[in-house]
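Participant:
Protein chains: 2
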Amino acid sequence: MIKAATARKTTPDRVSLTPEDWEKAALSLIADKGVAALAVEPLARSLQITKGSFYWHFPGRDELLSSALKRWEQQDADHLERSLAADENPAERLARFVWRTTRQTLTHRVYLALCALPDDARIGPVLKRVTARRIQYLAAAFEELGLDTEAARRRATLVYSGYVGYLQLQAQKVVPERGDPAFDAYVEHVIESLITSMP
Amino acid sequence: MIKAATARKTTPDRVSLTPEDWEKAALSLIADKGVAALAVEPLARSLQITKGSFYWHFPGRDELLSSALKRWEQQDADHLERSLAADENPAERLARFVWRTTRQTLTHRVYLALCALPDDARIGPVLKRVTARRIQYLAAAFEELGLDTEAARRRATLVYSGYVGYLQLQAQKVVPERGDPAFDAYVEHVIESLITSMP
DNA sequence: CTGCTTCCATACGCTTCAGTATGGGGGTTA
DNA sequence: TAACCCCCATACTGAAGCGTATGGAAGCAG
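Now the structure itself:
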């Protein structure tokens, strides 16, 4: 019908969408509305385009989800990598890690959304790998601080549980968000209780 | 068409379903497959019955969800009530509380499922009330132990975050389950780190 | 026996989304 | 300019699920 309206561009110089565009849009949608809301047609609408485009780039919904998760996992692994590269002392690194988790909100919201469907065949393995990697990172730092392997793992699990749990509580809006002074006080409390006070 | 097959009864002596039956079945389904899986027709099938029954007892899906959540919340509040009634000393009560959370798996699985949709208009308020109640319970105990109001609240938040986070990690199967000796060791570690070691 | 209420079966229309089929516009290449 | 390929639009089919309409069986009241 009307063709003149097709000159619309979200990013100024892109005329055709790439798989990467779809994957990033998918991750945004997941972060925002959850994995269940990841449907082809609504996503296409949000990109001002039709399904025809999608099914040219991807075989189906599952492949989009898998690709998006793969991208997300890679990104998360890179973050950890860079954290390890900074060779501060372990306590400093842990404290920094905790503080850093209070930023990068998109990654966390995706993580939170994925936590909702740990039994999904496509989500479960990715989620498990990411979680295991993060806990392993924490455990290694605690071990450097002098704890034996098992104690370090327990402590790492506790710290990480605290992180995941707090994400949930934030989503429920029962705890202060970043920006609130009470939030900073809480993070200090966590670091004090679980990191600084090492025997 | 065929009418002779209608003499089916799941529980031997029940001839007609009650709203309570539907609500309990709904909670089981939520605990098992999540809130998104709560659909009228599948639920009816699992009860060996048709939609016609459901829409006689409930106006619609939303009302079933609301009723089921109401029942769940009441049940949870009762549990807390009984916990408070036992007038042990606060430290003992906290330790018992932590240990008790390792049982009542259905309640926890429902809680976990609800955590996945904190923004839902029907789920959010219920979830928020339950969470706030539990944290308040913990904070009160910590205050009895001598912490000032804010410190008690921070500590309670940390303990509760640890609980919620561990639920998530269990769902991901990256941490030991109840029954595993490592699980007991971990719970002991939590109690030791966050409760016993009070200044 | 009649009539009324309770509880459920069956059949229908409506909506949303997955996936397919097919065609066409626009740029590139020869 | 003619052929071709990339990218997308449009128009289907089919599966699920929500909610509605209606009828029927079984029990109880009178």
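Sequence order for the protein chains is A and B.
Note that our numbering numbers the first sequence so that position 31 is 31, with each residue one more than the last.
Note that our numbering numbers the second sequence so that position 151 is 350, with each residue one more than the last.
Where a beta carbon is used, it is the ideal one built from N, C-alpha and C, also for glycine.
Applying a beta-carbon distance threshold of less than 7 Å, which residues of chain B neighbour residue 42(A)?
Facilitator: As a working mapping, residue 42(A) is identified with position 42 in the first sequence. Near residue 42(A) there are no residues of chain B at all, since even the closest Cβ is about 15 Å away, more than 7 Å.
Participant: Have a look at 52(A), 128(A), 135(A) and 184(A) and flag the residue whose alpha-carbon is nearest the alpha-carbon of residue 16(A).
Facilitator: Mapped onto the first sequence, residue 16(A) falls at position 16. For the residues 52(A), 128(A), 135(A) and 184(A), the minimum Cα distance to residue 16(A) belongs to 52(A).
Participant: I'd like to confirm the pairing. Which residues does DSSP put opposite residue 178(A) in its beta bridges?
Facilitator: In the first sequence, the residue the question calls residue 178(A) occupies position 178. The beta-bridge partner set that DSSP reports for residue 178(A) consists of 180(A).
Participant: Quick one: what does DSSP say residue 52(A) is sitting in, helix, strand or coil?
Facilitator: Position 52 of the first sequence, counting from 1, holds the residue named residue 52(A). Helix, per DSSP.
Participant: Under a three-way DSSP split, which group does residue 391(B) fall into?
Facilitator: For the purposes of this step, residue 391(B) is identified with residue 192 of the second sequence, where counting begins at 1. Helix.
Participant: How big is the Cα-Cα spacing for residue 329(B) and residue 307(B)?
Facilitator: What you label residue 329(B) is simply residue 130 of the second sequence in a count that begins at 1. What you label residue 307(B) is simply residue 108 of the second sequence in a count that begins at 1. One C-alpha to the other measures close to 12 Å.
Participant: Looking at C-alpha atoms only, which residue of 176(A), 160(A), 173(A) and 87(A) is the closest neighbour of residue 144(A)?
Facilitator: Position 144 of the first sequence, counted from the first residue, corresponds to residue 144(A). Ranked by Cα distance from residue 144(A), the first of 176(A), 160(A), 173(A) and 87(A) is 87(A).
Participant: Would you say residue 265(B) reaches chain A, if we count a Cβ-Cβ gap shorter than 8 Å as a contact?
Facilitator: Against the second sequence, residue 265(B) aligns to sequence position 66. It does not; no Cβ of chain A falls within 8 Å.
Participant: Please tell me whether, using a cut-off of 7 Å, the distance from the CB of residue 255(B) to the nearest non-hydrogen atom of the ligand SAH is below it.
Facilitator: Inclusion of the ligand SAH in the displayed structure is not the case, the ligand content being empty and no account of it being possible.
Participant: Just how far apart, CA to CA, sit residue 383(B) and residue 49(A)?
Facilitator: In the second sequence, counting from the first residue as 1, residue 383(B) sits at position 184. In the first sequence, counting from the first residue as 1, residue 49(A) sits at position 49. Roughly 54 Å between the two C-alpha positions.
Participant: Out of 270(B), 390(B) and 222(B), state which residue places its alpha-carbon closest to the alpha-carbon of residue 260(B).
Facilitator: Reading the second sequence from its first residue, position 61 is the one you call residue 260(B). Comparing alpha carbon positions, the residue from 270(B), 390(B) and 222(B) closest to residue 260(B) is 222(B).
Participant: Thinking just about the alpha-carbon of each residue, which of 40(A), 164(A), 179(A) and 26(A) is nearest to the one in residue 314(B)?
Facilitator: Within the second sequence, the letter at position 115 stands for residue 314(B). It is 164(A).
Participant: Taking the beta carbon of residue 356(B) as the centre, do at least 16 other beta carbons fall within 10 Å, making it buried, or is it exposed?
Facilitator: Indexing the second sequence from 1 puts residue 356(B) at position 157. It counts as buried.
Participant: Using 10 angstroms around the beta-carbon of residue 55(A), count the other beta-carbons present and answer buried if the total reaches 16, otherwise exposed.
Facilitator: Here residue 55(A) refers to the residue found at position 55 of the first sequence. With fewer than 16 other Cβ atoms within 10 Å, it is exposed.
Participant: CB-CB under 7 Å to residue 316(B), same chain, minus the five flanking residues each way: which ones, in chain order?
Facilitator: As a first step, residue 316(B) is located in the second sequence; it is residue number 117 there, counting from the start. Closer than 7 Å at Cβ, skipping near neighbours: 234 and 322.
Participant: Please confirm if residue 154(A) has its CB atom under 8 Å from at least one CB of chain B.
Facilitator: Taking the first sequence and counting its residues from 1, the one referred to as residue 154(A) is at position 154. Answer yes: the Cβ-Cβ gap between residue 154(A) and chain B drops below 8 Å somewhere.
Participant: Residues in the same chain with beta-carbon distance under 8 Å from residue 272(B), minus the five sequence neighbours each way, listed in chain order, please.
Facilitator: For the purposes of this step, residue 272(B) is taken as the residue at position 73 of the second sequence. Result list for residue 272(B): 325, 328 and 329, in chain order.
Participant: Where does residue 154(A) land, buried or exposed, given buried means 16+ other C-beta within 10 angstroms?
Facilitator: In the first sequence, residue 154(A) corresponds to position 154, counting from 1. Buried, since its Cβ has 16 or more Cβ neighbours within 10 Å.
Participant: What does residue 118(A) reach in chain B if we use C-beta pairs closer than 8 Å?
Facilitator: Locating residue 118(A) in the first sequence gives position 118, counting from the first residue. What residue 118(A) touches in chain B: 367, 370, 371 and 372.
Participant: Should the region 369–387 of chain B be regarded as contacting the region 180–195 of chain A, the criterion being three or more beta carbon pairs within less than 8 Å?
Facilitator: By the criterion of at least three beta-carbon pairs nearer than 8 Å, the region 369–387 of chain B is not in contact with the region 180–195 of chain A.
Participant: Alpha carbon to alpha carbon, how far is residue 264(B) from residue 302(B)?
Facilitator: Translated into positions along the second sequence, residue 264(B) becomes position 65. Translated into positions along the second sequence, residue 302(B) becomes position 103. For residue 264(B) and residue 302(B), the gap between their C-alpha atoms comes out near 24 Å.
Participant: Cutting at 6 Å between CB atoms, please list the residues of its own chain near residue 93(A), excluding the five before and the five after it.
Facilitator: For the purposes of this step, residue 93(A) is taken as the residue at position 93 of the first sequence. Short of 6 Å from the beta carbon of residue 93(A), and not among the five residues preceding or following it, lie these beta carbons of its own chain, in chain order: 141.
Participant: Candidates 148(A), 96(A), 91(A) and 21(A): which alpha carbon is nearest residue 79(A)'s?
Facilitator: Translated into positions along the first sequence, residue 79(A) becomes position 79. With distances taken between Cα atoms, residue 79(A) lies closest to 96(A).
Participant: How would you call residue 85(A), buried or exposed, if buried means at least 16 neighbouring beta carbons within 10 angstroms?
Facilitator: As a first step, residue 85(A) is located in the first sequence; it is residue number 85 there, counting from the start. Classification for residue 85(A): exposed.
Participant: At least one CB of chain A closer than 8 Å to the CB of residue 363(B): is that the case?
Facilitator: For this step, residue 363(B) is matched to residue 164 along the second sequence. Answer yes: the Cβ-Cβ gap between residue 363(B) and chain A drops below 8 Å somewhere.
Participant: What does a CB cutoff of less than 8 Å around residue 257(B) pick up in its chain, not counting 5 residues either side in sequence?
Facilitator: For the purposes of this step, residue 257(B) is taken as the residue at position 58 of the second sequence. Excluding sequence neighbours, residue 257(B) sits near 218, 221, 263 and 266.
Participant: Can you look up residue 148(A) in the DSSP assignment and give me helix, strand or coil?
Facilitator: Against the first sequence, residue 148(A) aligns to sequence position 148. Three-state result, residue 148(A): coil.
Participant: What is the DSSP secondary structure of residue 257(B), counted as helix, strand or coil?
Facilitator: As a working mapping, residue 257(B) is identified with position 58 in the second sequence. Note: residue 257(B) maps to coil in three-state DSSP.
Participant: So is residue 31(A) buried or exposed if we call it buried at 16+ other beta carbons inside 10 Å?
Facilitator: On the first sequence, position 31 is the one that residue 31(A) refers to. It counts as buried.
Participant: Determine, using beta carbons only, whether residue 101(A) comes closer than 8 Å to chain B.
Facilitator: Here the question's residue 101(A) lines up with position 101 in the first sequence. No, because no Cβ of chain B sits closer than 8 Å to the Cβ of residue 101(A).
Participant: Can you tell me where the alpha helix (DSSP H) holding residue 33(A) begins and where it ends?
Facilitator: As a working note, residue 33(A) is residue 33 in the first sequence. That run of the alpha helix (DSSP H) goes 19–33.
Participant: Can you look up residue 2(A) in the DSSP assignment and give me helix, strand or coil?
Facilitator: Looking up residue 2(A) in the first sequence gives position 2. Because the pLDDT at residue 2(A) is just 27, under 50, the model does not fix this residue reliably, and the value given afterwards should be weighed accordingly. Reduced to three states, the DSSP call for residue 2(A) is coil.
Participant: What would DSSP say about residue 118(A), mapped onto helix, strand or coil?
Facilitator: Taking the first residue of the first sequence as 1, we reach residue 118(A) at position 118. In this structure, residue 118(A) counts as coil in the three-state DSSP scheme.
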